[in-house]
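A.B. asks:
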Amino acid sequence: MDDDSDDPVMALLATQRAVLAAVENLAGQVQAMQAKVDAMGETLAQLVAGSAGASGAGVGCKRTLGDRFRAATNKEAAADPELRTAQGHYRVAEAIAKGLNKGDPEGAARDAAHAREWIAYQLDRGRVFQPAKVQDSEKGALAVVAPIHEEMFPGRVRAPRQPDRER
Numbered sequence: 001m002d003d004d005s006d007d008p009v010m011a012l013l014a015t016q017r018a019v020l021a022a023v024e025n026l027a028g029q030v031q032a033m034q035a036k037v038d039a040m041g042e043t044l045a046q047l048v049a050g051s052a053g054a055s056g057a058g059v060g061c062k063r064t065l066g067d068r069f070r071a072a073t074n075k076e077a078a079a080d081p082e083l084r085t086a087q088g089h090y091r092v093a094e095a096i097a098k099g100l101n102k103g104d105p106e107g108a109a110r111d112a113a114h115a116r117e118w119i120a121y122q123l124d125r126g127r128v129f130q131p132a133k134v135q136d137s138e139k140g141a142l143a144v145v146a147p148i149h150e151e152m153f154p155g156r157v158r159a160p161r162q163p164d165r166e167r
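If you read the sequence shown in full-length UniProt numbering, its first letter stands for residue 1, the second for the next number, and so on.
1. Between residue 85 and the rest of its own chain, which residues show a CB-CB distance below 6 Å, the 5 nearest in sequence each way excluded?
2. By the DSSP assignment, the beta strand (DSSP E) with residue 135 in it spans what residues?
3. In this structure, what does DSSP give as the bridge partners for residue 143?
4. Helix, strand or coil for residue 17, going by three-state DSSP, please let me know.
5. With a threshold of 7 Å on Cβ separation, who are the neighbours of residue 97 within its own chain once the five nearest residues in sequence on each side are excluded?
6. Cutting at 7 Å between CB atoms, please list the residues of its own chain near residue 89, excluding the five before and the five after it.
7. What distance in whole Å lies between the Cβ atoms of residue 143 and residue 157, which are believed to be in contact at a cut-off of 8 Å?
8. Rounded to whole angstroms, what's the CA-CA distance from residue 106 to residue 66? Just pull it up for me.
9. Between 100, 138, 136, 104, which lies nearest to residue 150 when the distance is taken from Cα to Cα?
10. Just to check my reading of the structure: residue 93 and residue 152 have Cβ atoms closer than 8 Å, yes? What is that Cβ distance to the nearest angstrom?
11. Measuring CA to CA, which of 95, 83, 102 is closest to residue 121?
12. Along the alpha helix (DSSP H) that carries residue 74, what are the first and last residues, could you check?
13. Does the distance from the C-beta atom of residue 73 to that of residue 124 stay below 7 Å?
14. Under a CB-based cut-off of 7 Å, is residue 69 close to chain C?
15. For residue 145, count neighbouring C-beta atoms within 10 Å of its own C-beta (all shown protein chains included) and say buried if the count is 16 or more, exposed if not.
16. Using the beta-carbon count (16 or more within 10 Å), is residue 87 buried or exposed?
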């Protein structure tokens, strides 16, 4: 009279089935939440488009520098004299985001999008960007992390510190 409840293999299989069921349940919940997020994004986009149309932003109103940066492709921003330096910092931010999110392209894209919006917000506030610094190395040109990138990624990156020259 063998009892299957004492069999460790059967117990392991039962545990695996329970874990699989829990994972499938979580996957369903994630899909449902993603659908809600997508719907909220569409609603927000419609609201933003509606408020822009209602305010007359498209008719006779000049778009802000931040708006232009948000709407520009990388190539367009690099070609625009007023956006070129901001675009240079965005390119550095993209590289930083990839480095911070190795193996997680969605995380890198999310961080890069956050940096792009941060830069656009700074442009709207009147911030003037200095050119991003590049350092030559054996592997080619490397972007240098600057204090501005610390602002974009607070607590996640540090710019190299210059030794205090007054000592």
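Positions of the beta carbon are idealized from the N, C-alpha and C atoms, including for glycine.
C.D. replies: With the structure as the only source:
1. By the criterion of a C-beta distance shorter than 6 Å, residue 85 is surrounded in its chain by 129, 131, once the five residues flanking it on both sides are discounted.
2. For residue 135, the uninterrupted beta strand (DSSP E) run begins and ends at 134-137, by DSSP.
3. Paired residues: 134.
4. Three-state result, residue 17: helix.
5. 108, 111, 112, 115
6. Apart from sequence neighbours up to five positions away, the residues of its chain that approach residue 89 with a beta-carbon distance below 7 Å are 119, 129, 132, 148, ordered along the chain.
7. Residue 157 to residue 143, Cβ: 11 Å. No contact.
8. 24 Å
9. Selected option, being the one with the closest Cα: 100.
10. 6 Å
11. Nearest C-alpha to residue 121: 83.
12. 74-79
13. Between residue 73 and residue 124, the gap from beta carbon to beta carbon reaches 7 Å or more.
14. Chain labels in this structure do not include chain C; a single protein chain is all it has.
15. Classification for residue 145: buried.
16. buried
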